[in-house]
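For what it's worth, my numbering labels the leading residue of the sequence shown as 39, then goes sequentially.
Written below as structure tokens is the structure these notes are about.
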Amino acid sequence: MANPEEMWQCQTVNCGYIYNPDKGDKKGKIPKGTRFEDLSEDWKCPICGATRKSFKPLAGPGSVKEA
Ligand SMILES: [Zn+2]
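Below you can see the structure in the form of structure tokens.
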């Protein structure tokens, strides 16, 4: 089970997709167990196509809750 610090949420309007490293991203061919930090620079949100910069961690520094 991933910690909230390791789960990242897409911040674009009407999306809210959460990247869970335990699941990876089937659509983006990201295998289970891949940390968000290890995703390639050109990885995009499988729902809305936002870049990695549009994501924030669920907890920890710079997180959704702190914003
Ligand atoms: Zn998105």
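The beta carbon of each residue, even a glycine, is placed where N, CA and C say it ideally should be.
Bear in mind the structure is a predicted one, so any value in this text is a computation, not a measurement.
For the beta strand (DSSP E) containing residue i, list its first residue and its last residue.
{"i": "residue 93", "result": "93 to 95"}
{"i": "residue 47", "result": "46 to 48"}
Report, in whole angstroms, the separation of the C-beta atoms of residue i and residue j, which I expect to be a contact under 8 Å.
{"i": "residue 49", "j": "residue 94", "result": "6 Å"}
{"i": "residue 40", "j": "residue 58", "result": "6 Å"}
Determine, using beta carbons only, whether residue i and residue j come nearer to each other than 9 Å.
{"i": "residue 82", "j": "residue 66", "result": "yes"}
When DSSP builds the beta bridges, which residues end up paired with residue i?
{"i": "residue 131", "result": "Within the shown structure, residues of the chain are numbered from 39 to 105, placing residue 131 beyond reach of any answer."}
Checklist entry - Do the stretch 97 to 104 and the stretch 78 to 86 make contact, defined as three or more Cβ pairs closer than 8 Å? => result no
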